[in-house]
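Per our numbering: the sequence shown ends with 985, consecutive numbering throughout.
Read the structure below first, then the notes.
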Amino acid sequence: MFPRLPRMFPNAEWAKPEDIFRFNNAYKSNGNLYLQRLSPEDQWVQEELHYYEDSFCQEEALSFSITTFNVGCKKPQPPLNDLVNLGDGKPTDVIVMAFQEVDMSASAMLKEETEAAAPWVAACNAAVGADMDASPSSPMPYYALKPKQLVGLLLCVYIRRGLLPQLKEFLVTTIATGALGSLGNKGAVGIHLSVHRSTYCIITAHLAAGQSNVSKRNEDINTILKNMDFNAARRADLQLNSSAGIVPEMVFPELFPRDHDFIIVAGDLNYRLNLSYEECMAKCGRGDIEDMLKYDQLVAEMKNPHTPWQGFEDLTPTHMPTYRFDMGTDNYDTSEKRRIPSFTDRVLIWSRRLKWQKAVKVKEHVAIMQVRSSDHKPVRLLLDIPAQVEVPSKKEEVTTSLKKKVTQLGMDNASSAKVSTDVTLLDFGVLQFHRCDTVRTAKVTNTGDSVAVVKVLRQRPGQDQPVNDGAWMRVSPMEFSILPGESQDIVIETLIDPRCMPWLARWRPYDARGRVALAASLLVVVRSGPMHIIDCQAVLVPSIYGNSLENVLLLGSLPCVDAYQAKVDHAVLLNTLQPQIPKELWFLVDAVTKQPLEKGYFTASSIDTDTSHAVMAYIDSTAAPLPAPHEPGAFDVLCVADCILVFLQNLQEPVVPFALYDAALAAGKAKGKAPLAFLAQLPAIRANLFVYLMSFLNFLLRQQHAENDLTAPLLAHVFSVVLIRRPTSAEGLSSARLLQGGGVDQQVRQQLQNEKEDAKALVEFFLTASPVYLQ
Numbered sequence: 211m212f213p214r215l216p217r218m219f220p221n222a223e224w225a226k227p228e229d230i231f232r233f234n235n236a237y238k239s240n241g242n243l244y245l246q247r248l249s250p251e252d253q254w255v256q257e258e259l260h261y262y263e264d265s266f267c268q269e270e271a272l273s274f275s276i277t278t279f280n281v282g283c284k285k286p287q288p289p290l291n292d293l294v295n296l297g298d299g300k301p302t303d304v305i306v307m308a309f310q311e312v313d314m315s316a317s318a319m320l321k322e323e324t325e326a327a328a329p330w331v332a333a334c335n336a337a338v339g340a341d342m343d344a345s346p347s348s349p350m351p352y353y354a355l356k357p358k359q360l361v362g363l364l365l366c367v368y369i370r371r372g373l374l375p376q377l378k379e380f381l382v383t384t385i386a387t388g389a390l391g392s393l394g395n396k397g398a399v400g401i402h403l404s405v406h407r408s409t410y411c412i413i414t415a416h417l418a419a420g421q422s423n424v425s426k427r428n429e430d431i432n433t434i435l436k437n438m439d440f441n442a443a444r445r446a447d448l449q450l451n452s453s454a455g456i457v458p459e460m461v462f463p464e465l466f467p468r469d470h471d472f473i474i475v476a477g478d479l480n481y482r483l484n485l486s487y488e489e490c491m492a493k494c495g496r497g498d499i500e501d502m503l504k505y506d507q508l509v510a511e512m513k514n515p516h517t518p519w520q521g522f523e524d525l526t527p528t529h530m531p532t533y534r535f536d537m538g539t540d541n542y543d544t545s546e547k548r549r550i551p552s553f554t555d556r557v558l559i560w561s562r563r564l565k566w567q568k569a570v571k572v573k574e575h576v577a578i579m580q581v582r583s584s585d586h587k588p589v590r591l592l593l594d595i596p597a598q599v600e601v602p603s604k605k606e607e608v609t610t611s612l613k614k615k616v617t618q619l620g621m622d623n624a625s626s627a628k629v630s631t632d633v634t635l636l637d638f639g640v641l642q643f644h645r646c647d648t649v650r651t652a653k654v655t656n657t658g659d660s661v662a663v664v665k666v667l668r669q670r671p672g673q674d675q676p677v678n679d680g681a682w683m684r685v686s687p688m689e690f691s692i693l694p695g696e697s698q699d700i701v702i703e704t705l706i707d708p709r710c711m712p713w714l715a716r717w718r719p720y721d722a723r724g725r726v727a728l729a730a731s732l733l734v735v736v737r738s739g740p741m742h743i744i745d746c747q748a749v750l751v752p753s754i755y756g757n758s759l760e761n762v763l764l765l766g767s768l769p770c771v772d773a774y775q776a777k778v779d780h781a782v783l784l785n786t787l788q789p790q791i792p793k794e795l796w797f798l799v800d801a802v803t804k805q806p807l808e809k810g811y812f813t814a815s816s817i818d819t820d821t822s823h824a825v826m827a828y829i830d831s832t833a834a835p836l837p838a839p840h841e842p843g844a845f846d847v848l849c850v851a852d853c854i855l856v857f858l859q860n861l862q863e864p865v866v867p868f869a870l871y872d873a874a875l876a877a878g879k880a881k882g883k884a885p886l887a888f889l890a891q892l893p894a895i896r897a898n899l900f901v902y903l904m905s906f907l908n909f910l911l912r913q914q915h916a917e918n919d920l921t922a923p924l925l926a927h928v929f930s931v932v933l934i935r936r937p938t939s940a941e942g943l944s945s946a947r948l949l950q951g952g953g954v955d956q957q958v959r960q961q962l963q964n965e966k967e968d969a970k971a972l973v974e975f976f977l978t979a980s981p982v983y984l985q
């Protein structure tokens with residue numbers, strides 16, 4: 211299952227439209243004997259009731275103490291009481307402690323959780339007065355939810371014990387945005403809370419560093435908000451343990467941050483001030499906070515209509531910049547680097563409804579300047595955030611009203627729904643792997659008398675038209691309900707993902723097909739109502755990215771775009787002498803080897819996305835080496851290195867074929883000369899590429915290049931992820947999804963971890979083996 215990719219219809223479970231909602235109803239009724247005993251009319255009332263929460267709930271404020279602190283890899287210095295606001299008179303309801311850089315050691319980058327988190331968790335528990343005993347008899351005033359670490363990130367959340375009976379649900383997940391999403395040096399930890407009848411998504415994030423890397427920071431938060439799925443672990447559990455016929459996606463649909471009532475993001479977001487060091491220091495000397503914020507990158511970003519922070523409110527700092535200080539002092543950076551003071555440590559809030567967002571009150575927003583253990587200062591806020599609390603008498607009134615409605619309309623009319631859509635055709639223009647930023651919106655309006663429950667699906671094309679399956683579209687939301695007279699916007703975006711577009715491998719160069727017309731239909735399916743169709747179209751331009759290795763080798767001397775436009779008989783083409791490795795990969799590797807001492811290869815979190823896309827466009831359209839350093843048009847070499855990983859990660863089939871995945875793991879586990887024996891099993895073109903890449907990595911690891919800080923374990927970790935990929939079906943769950951969250955079967959987690967270690971061991975063998983093994 212791929213995030214925000216609608217399921218196809220018809221499929222094995224759904225032969226006709228009424229099947230689409232039948233499974234949901236059957237699952238719910240089988241689990242609720244009370245509903246089964248009701249008449250059809252009363253059952254309809256009970257199922258309809260939760261859509262009318264606004265009518266029988268009242269708004270009450272919950273107090274949240276939120277602290278974000280980049281600890282700079284330092285151990286805590288208890289007590290941490292200054293980091294918490296326990297309330298004045300009225301105790302705080304929810305306490306959030308969000309930490310960054312708890313552990314940023316090289317070894318930690320290859321893990322998710324380390325020992326470094328334990329002292330921070332213990333110190334926070336002590337400061338809050340919390341334990342993990344859920345019984346009412348506990349003397350501690352707060353209950354500690356299970357903390358979650360992702361390398362440097364740590365999120366600790368506490369609930370006032372008296373509020374614990376109203377905690378309906380708690381889920382946790384993580385997203386890494388380091389190199390290829392496999393390194394946790396940057397990313398986010400998220401917690402889903404359901405309290406009373408409101409849902410809260412609390413995220414701590416550490417976004418890309420660097421003064422000028424606004425676009426990468428935006429890309430990071432975009433990835434987090436669009437891919438953080440709290441139900442991924444529960445679907446994985448259900449898939450492994452359920453009986454046949456259960457569809458995990460139907461029981462636990464995707465649950466993303468924007469599916470909540472509120473999102474709170476707290477962390478080191480790394481947005482900087484666009485000032486010179488001298489200008490900023492002068493303003494800091496005058497304490498001119500308001501003037502500094504005029505140059506703040508996040509403040510400017512919030513005004514951009516295309517920002518990934520759409521709908522968020524930046525809780526604008528009322529304190530001095532919290533970065534960067536000389537360690538142990540209150541002095542801004544006096545080192546040679548003279549880093550510009552900035553408001554990097556921020557808290558933002560989003561609500562599904564504008565009226566709820568307006569009801570949020572900031573009671574406190576301070577930087578805790580007396581903490582000097584890090585080069586950042588902690589930031590602490592106290593917020594009043596609305597919660598929807600059920601009122602029994604009002605609920606009874608709504609129930610009575612619904613009973614009258616079903617009596618007046620009749621069961622048939624009451625249970626039917628009507629909607630309209632404002633568009634029937636969406637054109638996404640020209641797409642390419644690195645040019646997929648088109649967004650379109652469709653509005654669905656409920657024109658009937660009852661709640662409209664809607665699912666958005668893809669229409670299954672004919673067997674001879676796989677190109678029209680719509681796998682290039684991503685939709686949000688895919689499931690929703692609309693009250694009578696109200697509307698819901700559906701956002702449709704584009705994404706070229708080879709994992710769910712296998713037909714790309716059959717689109718070959720030299721067939722005079724320089725472009726492919728994409729056409730697909732989105733089905734807006736309404737429970738007990740008519741189906742609406744939105745036709746979508748685009749034009750796809752070829753790229754080596756997302757393509758097959760075989761196709762890329764067929765390009766010969768021409769650039770990709772030209773080769774796809776040309777016409778050569780396929781039999782002639784196959785008899786033409788083919789290169790041993792793709793020339794495009796050689797161009798990229800050549801650029802990196804010209805600067806072997808550069809720091810940050812394959813691990814940099816501050817990659818400029820626009821530059822990486824420009825490198826990809828150059829590679830697709832030019833059959834020549836990249837401009838050399840200091841030549842006009844030269845690219846940032848870290849972006850070039852990133853493009854190597856992206857190419858390997860997005861091959862239709864990885865360098866190690868899926869059929870040899872188990873053999874690769876066995877060779878890595880066996881060690882000795884087993885890796886060499888495995889290499890002999892690879893098809894020639896893949897063995898050549900594997901050896902070439904190992905030679906490249908060994909070049910970077912030479913002693914004279916030690917200044918680049920690369921190590922064999924680090925490179926083995928990064929490249930094993932892209933060279934040896936776990937086989938997954940187009941509708942399956944990838945290992946990355948299975949590893950997210952806190953509830954996955956531990957045996958499965960251990961199995962996946964072992965697979966990663968064995969794959970890493972295979973690659974590491976070729977980076978560390980004694981010459982005697984290679985003879």
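From the three backbone atoms N, C-alpha and C, an ideal C-beta is built for every residue, glycine too.
Report yes if the CB atom of Gln805 is closer than 7 Å to the CB atom of Val847, and no otherwise. As a working mapping, residue 805 is identified with position 595 in the sequence shown. As a working mapping, residue 847 is identified with position 637 in the sequence shown. Their beta carbons are under 7 Å apart, which means Gln805 touches Val847 by this criterion.
Tell me whether Gln956 is buried or exposed, calling it buried when 16 or more other Cβ atoms sit within 10 Å of its Cβ. The sequence position of residue 956 within the sequence shown is 746, counting from 1. Since pLDDT at Gln956 reaches only 49, below the 50 mark, its modelled position is unreliable, and no value is offered.
Check the C-beta distance from Asp469 over to Trp566 and give it rounded, since I have them as a contact under 8 Å. Taking the first residue of the sequence shown as position 1, residue 469 is located at position 259. Taking the first residue of the sequence shown as position 1, residue 566 is located at position 356. Contact flag wrong, Cβ pair sits at about 15 Å.
Please state whether DSSP places His915 in a helix, a strand or coil. For the purposes of this step, residue 915 is identified with residue 705 of the sequence shown, where counting begins at 1. The answer is helix: DSSP assigns His915 an H, G or I state.
Same chain, Cβ closer than 7 Å to Lys809, five either side skipped, listed in chain order: Walking along the sequence shown from the start, residue 809 turns up at place 599. So the qualifying residues of the chain are Asn918 and Asp919.
In three-state terms, what does DSSP make of Ala894? Counted from its first residue, the sequence shown places residue 894 at position 684. Assignment of Ala894 by DSSP, reduced to helix, strand and coil, places it in the helix class.
I need the DSSP call for Tyr237, collapsed to helix, strand or coil. The residue labelled residue 237 in the question sits at position 27 within the sequence shown. In this prediction, Tyr237 scores a pLDDT of 39, lower than 50, which makes its location untrustworthy; the coordinate-derived value is nonetheless stated afterwards. Correct three-state label for Tyr237: helix.
Can you find a CB in chain C that lies within less than 7 Å of the CB of Thr704? This model lacks chain C altogether; it includes just one protein chain.
Since Arg407 and Gln598 should fall inside the 8 Å C-beta cutoff, what is the C-beta to C-beta distance between them, to a whole number of angstroms? For this step, residue 407 is matched to residue 197 along the sequence shown. For this step, residue 598 is matched to residue 388 along the sequence shown. About 4 Å separates the two Cβ atoms, so the contact holds.
Per-residue DSSP class, three states only, for Ile595: The count along the sequence shown starts at 1 and reaches residue 595 at position 385. Note: Ile595 maps to strand in three-state DSSP.
For Lys653 and Val735, I'd like the C-alpha separation in whole angstroms. Within the sequence shown, residue 653 is the residue found at index 443, counting from 1. Within the sequence shown, residue 735 is the residue found at index 525, counting from 1. So the two alpha carbons sit approximately 14 Å from each other.
Check Gly497 in the structure and name its three-state DSSP category. As a first step, residue 497 is located in the sequence shown; it is residue number 287 there, counting from the start. Coil.
Using a 10 Å radius around the Cβ and a threshold of 16 neighbouring Cβ atoms, would you call Asp699 buried or exposed? As a position in the sequence shown, residue 699 is number 489, starting the count at 1. So Asp699 counts as exposed.
Could you tell me whether the region 642-650 touches the region 607-624, where touching means 3 or more Cβ pairs closer than 8 Å? No, because fewer than three Cβ pairs between the region 642-650 and the region 607-624 fall closer than 8 Å, the two stretches do not touch.
Can you tell me whether DSSP reads Asp647 as helix, strand or coil? Along the sequence shown, one-based indexing puts residue 647 at 437. The three-state reading of DSSP puts Asp647 in coil, since its state is none of H, G, I, E or B.
Round the Cβ separation of Thr532 and Lys587 to the nearest angstrom and send it over; I've been treating them as touching at under 8 Å. By 1-based counting over the sequence shown, the position of residue 532 is 322. By 1-based counting over the sequence shown, the position of residue 587 is 377. The beta-carbon separation of Thr532 and Lys587, rounded to 4 Å, stays under the 8 Å limit for a contact.
Does DSSP put Val457 in a helix, a strand or coil? The sequence position of residue 457 within the sequence shown is 247, counting from 1. DSSP places Val457 in coil when its eight states are reduced to three.
Return the chain-ordered ranges of every alpha helix (DSSP H) run that is complete within the region 249-278 and spans a minimum of 4 residues. 250-259 and 263-266
Cβ pair Val413, Gly397 closer than 7 Å: Position 203 of the sequence shown holds residue 413. Position 187 of the sequence shown holds residue 397. Note that residue 413 corresponds to Ile in the displayed sequence, not to Val. Not in contact: Ile413 and Gly397 (Cβ atoms no closer than 7 Å).
Taking only three categories from DSSP, how would you classify Cys366? Counted from its first residue, the sequence shown places residue 366 at position 156. If DSSP states are grouped into helix, strand and coil, Cys366 belongs with the strands.
Contact the region 927-941 vs the region 957-976: 3+ CB pairs below 8 Å: Flag = yes, the region 927-941 and the region 957-976 touch.
Would you say Ala627 and Ala662 are within 7 Å of each other, going by their C-beta atoms? Along the sequence shown, read from residue 1 onward, the residue named residue 627 stands at position 417. Along the sequence shown, read from residue 1 onward, the residue named residue 662 stands at position 452. In this structure, Ala627 sits near Ala662, with a CB-CB distance shorter than 7 Å.
Assuming the contact rule is C-beta atoms closer than 8 Å, Glu464 and Pro213 should be a hit. Round their C-beta distance to whole Å, please. Mapped onto the sequence shown, residue 464 falls at position 254. Mapped onto the sequence shown, residue 213 falls at position 3. With a Cβ gap of about 7 Å, Glu464 and Pro213 count as contacting.
So which of Asp721, Val782 and Met307 has the shortest CA-CA distance to Asn335? Within the sequence shown, numbered from 1, the residue matching residue 335 stands at position 125. Sorting Asp721, Val782 and Met307 by C-alpha distance to the C-alpha of Asn335 places Met307 at the top.
With distance defined between alpha-carbon atoms, name the residue in Asn428, Ala851, Val361 and Gln675 nearest to Gln507. Start at 1 with the first residue of the sequence shown, and residue 507 comes out as number 297. With distances taken between Cα atoms, Gln507 lies closest to Asn428.
Separation of Ala443 from Gly951, as counted between CA atoms: To locate residue 951, count along the sequence shown from 1; it is residue 741. To locate residue 443, count along the sequence shown from 1; it is residue 233. Caution applies to Gly951, whose pLDDT of 37 falls short of 50 and renders its modelled position unreliable; the model cannot decide the point.
Should Asp543 and Thr278 be called a contact, given that it needs their Cβ atoms to be closer than 7 Å? Translated into the one-based positions of the sequence shown, residue 543 becomes position 333. Translated into the one-based positions of the sequence shown, residue 278 becomes position 68. No, they are not a contact pair.
Give the secondary structure of Val509 by DSSP, where H, G and I count as helix, E and B as strand, and everything else as coil. Counting from one through the sequence shown, the residue named residue 509 turns up at place 299. Of the three classes helix, strand and coil, the one that applies to Val509 here is helix, per DSSP.
Give a yes or no on whether the C-beta atoms belonging to Leu365 and Lys358 are separated by under 7 Å. For this step, residue 365 is matched to residue 155 along the sequence shown. For this step, residue 358 is matched to residue 148 along the sequence shown. Contact: yes.
Look up Phe466 in the DSSP assignment and say whether it is helix, strand or coil. Here the question's residue 466 lines up with position 256 in the sequence shown. Under the three-state reduction of DSSP output, Phe466 falls in the coil class, being neither helix nor strand.
Roughly how many angstroms lie between the CA atoms of Pro839 and Ala577, to the nearest whole one? On the sequence shown, residue 839 is found 629 positions in, with the first residue counted as 1. On the sequence shown, residue 577 is found 367 positions in, with the first residue counted as 1. Approximately 43 Å, taken between the alpha carbons.
Please say whether Val281 and Ser584 have beta carbons closer to each other than 7 Å? Within the sequence shown, numbered from 1, the residue matching residue 584 stands at position 374. Within the sequence shown, numbered from 1, the residue matching residue 281 stands at position 71. In this structure, Val281 lies closer than 7 Å to Ser584 by Cβ.
Applying the 10 Å Cβ sphere with the 16-neighbour rule, what's the burial state of Ile385? Position 175 of the sequence shown holds residue 385. Burial call: buried.
With 16 as the cutoff for other CB atoms within 10 Å, does Ser486 come out buried or exposed? Translated into positions along the sequence shown, residue 486 becomes position 276. That one is exposed.
Going by CA-CA distance only, name the one from Phe266, Val850 and Leu798 that's closest to Ala834. Along the sequence shown, one-based indexing puts residue 834 at 624. The residue from Phe266, Val850 and Leu798 with its alpha-carbon nearest to that of Ala834 is Leu798.
Nearest to Gln268 (by Cα), restricted to the options Lys614, Val782, Pro602 and Lys777: As a working mapping, residue 268 is identified with position 58 in the sequence shown. The option with the nearest alpha carbon to Gln268 is Pro602.
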